[in-house]
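A.B. asks: Pasting a structure here, questions to come.
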Amino acid sequence: MIHRRTLLNAAGAAAVLGPRAALAQNLRPLSRIIVGFPPGGTADVIGRALAEKLRGHYAANVIVENKPGARGSVATNTLLATEPDGHAIYIAPHSMVTMYPHVYRKLNYDPQLDLIPAGTIASFEFALSVSQAVPARTLAEFVLWAKANQSAAAYGSLGNGTTAHFLGFMFATAADVDWNHIPYKGAGPGVQDLLAGHIPSLIGPVGDIAAHHRAGKVRVLATSGAQRSRFLPDVPTFEEAGYKGLLATERFGVFLRRGTAPVLVERVNQEVNRALRQEDFRATLANLSYEPLATTPQEFQSIIKAESARWGGIVKASGFSEE
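Quick note: the sequence shown uses our numbering, first residue 1041, plus one each step.
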C-alpha cells in the first residue's frame, strides 16, 4: 500500500508540474550531438564539452557524432533522418542558416524550415591579420600598402561562401582596395600559410590567430565586433578604424529537426543555458576565444531572421554564388 501510494504521489506531482517534470524523471538512455566538422576542431571541442554537461541531466549518456562534409549537408541530413523527439541535437555556426540559402543555389534542404533554433552557445568575432612580410602596423597603413602592391594584395579565408569571405568583400568595397580572395578549407591551412609568409593577410576567427599575434608572429590589425575583443584588447575594431557598419559576429547554436515539439525545444534550451552557467564550461569556451552566449529559442530565431536579411544583401552585392 505504501509503495502504491508513493507511485501515485509521484504521478500526481508529474501531472501538476507538467511535461518537463515527466521528461526529467524519465531520462532516455542515449542522446546524440551531431557536429558537422571533423574531430579535434573547435566545433568538436564545444560538442564534447556540451555532451559532458548534458550527460545524466538530459539523457543517461550523450555521444558526439562527427559528420563533416558537403558544407554541413551531411550533418544536416543526418539530423533530418532522425525522429523529431529532441534526442538528436545539431550544433553549428548560425551562418549555415543565415548565409547558405543566399550562397548555394542547390541545397537539398531548407535551413530555415528544416532546422529549429533551440538557442545559442557562444559567439566569436573575426580578425584581419597580416604576415611579417607586410610592413603595415595599422589598418590605414595596410590599405596604403594594398593599393601600392595590387599584384601581391590578397587575403585568405575559411573558404568560399563563408562569413570571412564576405567580410573581406565588405572591407575591400569600403576601402576601395582590389585584393584577391584565397579560399582555404578551414582556418588551419590559412593560418599556416600566413605564418610562412605565403599569403600577405588572412581573415579568420579571433581564436585561431590571437596566440600568434601575442607571440609577435603575425599582426592583427582589426577585429569585426561592435567592441574590442577581450582576447585582443590592444587591437581596434574595424569601426574604430573608420569603417562604420563593418561588423561580423558568428554564433554557434543548437538546432533540432523540424517537427520537434516546442516543449522539447524549450527543454534543450534550458539544458544548454544550464551548462553556460557553469564555470568550467565557460572556461572551455574562453580557451577557444569564444564568448558564452545564452539566448531563448525566440531570441535566436530573431537573430537568424535579422542576420539572414543583412547577409542576403551582402552576398547579392558580391555577385558570388555556387551550386
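Every residue, glycine too, gets a C-beta built ideally from N, C-alpha and C.
1. Determine the DSSP secondary structure at Leu1094, reduced to helix, strand or coil.
2. Compare the Cα-Cα distances from Val1102 to each of Ala1083, Pro1133, Pro1069 and Gly1293 and report the closest residue.
3. Between Leu1127 and the rest of its own chain, which residues show a CB-CB distance below 6 Å, the 5 nearest in sequence each way excluded?
4. Hey, how far is the Cα of Val1260 from the Cα of Ala1192?
5. Select from Tyr1330, Glu1339 and Val1170 the residue whose C-alpha is nearest the C-alpha of His1238.
6. Just mark Val1143 as buried or exposed, buried being the case when its beta carbon has 16 or more other beta carbons within 10 Å.
7. Cα separation between Val1085 and Arg1297?
8. When DSSP labels each residue in this structure, what does Ser1197 get in the three-state scheme?
9. I believe Ala1167 touches Gly1076 by the beta-carbon criterion, under 8 Å. Please report the beta-carbon distance rounded to the nearest angstrom.
10. I need the straight-line Cα distance from Ile1073 to Val1104, nearest angstrom please.
11. Could you tell me the boundaries of the alpha helix (DSSP H) in which Val1231 lies?
12. Please classify Gly1087: is it buried, with 16 or more other beta-carbons within 10 angstroms of its beta-carbon, or exposed?
13. Taking the C-alpha atoms as reference points, what is the distance between Ala1262 and Glu1331?
14. Is Leu1272 helix, strand or coil when you go by DSSP?
15. Can you name, in chain order, every residue of its own chain whose Cβ lies under 7 Å from the Cβ of Ala1214, other than the five neighbours on each side?
16. Is the stretch 1217 to 1225 in contact with the stretch 1191 to 1207, if contact means three or more CB pairs nearer than 8 Å?
17. May I have the straight-line CA-CA distance separating Pro1151 from Asp1274, to the nearest angstrom?
18. Does DSSP classify Pro1151 as helix, strand or coil?
19. Less than 8 Å between the C-beta atoms of Thr1116 and Tyr1149, yes or no?
20. Measuring straight from C-alpha to C-alpha, what distance separates Ser1342 and Phe1292?
21. So Thr1289 and Ser1113 are in contact, right, with Cβ under 8 Å, and what is the actual spacing, rounded?
C.D. replies: Reading off the structure:
1. Sequence index remark: in the sequence shown, residue 1094 carries index 54 (1-based). Here Leu1094 sits in helix by DSSP.
2. Counting from one through the sequence shown, the residue named residue 1102 turns up at place 62. When only C-alpha atoms are compared, the closest one is Pro1069.
3. On the sequence shown, residue 1127 is found 87 positions in, with the first residue counted as 1. A quick correction: the sequence has His, not Leu, at residue 1127. Here the set comprises Arg1068 and Ser1071.
4. Indexing the sequence shown from 1 puts residue 1260 at position 220. Indexing the sequence shown from 1 puts residue 1192 at position 152. Going by the C-alpha atoms only, they are around 19 Å apart.
5. In the sequence shown, residue 1238 corresponds to position 198, counting from 1. Out of Tyr1330, Glu1339 and Val1170, Val1170 has the C-alpha closest to the C-alpha of His1238.
6. For the purposes of this step, residue 1143 is taken as residue 103 along the sequence shown, with counting starting at 1. With 16 or more other Cβ atoms within 10 Å, it is buried.
7. For the purposes of this step, residue 1085 is identified with residue 45 of the sequence shown, where counting begins at 1. For the purposes of this step, residue 1297 is identified with residue 257 of the sequence shown, where counting begins at 1. Between Val1085 and Arg1297, the C-alpha separation is close to 22 Å.
8. Residue mapping note: residue 1197 aligns to position 157 of the sequence shown, counting from 1. Here Ser1197 sits in strand by DSSP.
9. Within the sequence shown, residue 1167 is the residue found at index 127, counting from 1. Within the sequence shown, residue 1076 is the residue found at index 36, counting from 1. Not quite, the Cβ-Cβ distance comes to about 23 Å (not below 8 Å), so this is no contact.
10. For the purposes of this step, residue 1073 is taken as the residue at position 33 of the sequence shown. For the purposes of this step, residue 1104 is taken as the residue at position 64 of the sequence shown. About 5 Å.
11. To locate residue 1231, count along the sequence shown from 1; it is residue 191. Note, Val1231: alpha helix (DSSP H), Ala1227 to Leu1235.
12. Along the sequence shown, read from residue 1 onward, the residue named residue 1087 stands at position 47. Buried: at least 16 other Cβ atoms inside 10 Å.
13. The count along the sequence shown starts at 1 and reaches residue 1262 at position 222. The count along the sequence shown starts at 1 and reaches residue 1331 at position 291. Roughly 18 Å separates the two Cα atoms.
14. For the purposes of this step, residue 1272 is taken as the residue at position 232 of the sequence shown. Reduced to three states, the DSSP call for Leu1272 is coil.
15. Looking up residue 1214 in the sequence shown gives position 174. Correct list, in chain order: Tyr1283 and Leu1286.
16. yes
17. Residue mapping note: residue 1151 aligns to position 111 of the sequence shown, counting from 1. Residue mapping note: residue 1274 aligns to position 234 of the sequence shown, counting from 1. Between Pro1151 and Asp1274, the C-alpha separation is close to 37 Å.
18. For the purposes of this step, residue 1151 is taken as the residue at position 111 of the sequence shown. Correct three-state label for Pro1151: helix.
19. Counted from its first residue, the sequence shown places residue 1116 at position 76. Counted from its first residue, the sequence shown places residue 1149 at position 109. A contact, by the Cβ cut-off of 8 Å.
20. In the sequence shown, counting from the first residue as 1, residue 1342 sits at position 302. In the sequence shown, counting from the first residue as 1, residue 1292 sits at position 252. Cα to Cα, the separation comes out at about 15 Å.
21. Position 249 of the sequence shown, counting from 1, holds the residue named residue 1289. Position 73 of the sequence shown, counting from 1, holds the residue named residue 1113. Actually they are not in contact, since the Cβ atoms of Thr1289 and Ser1113 sit about 24 Å apart, beyond 8 Å.
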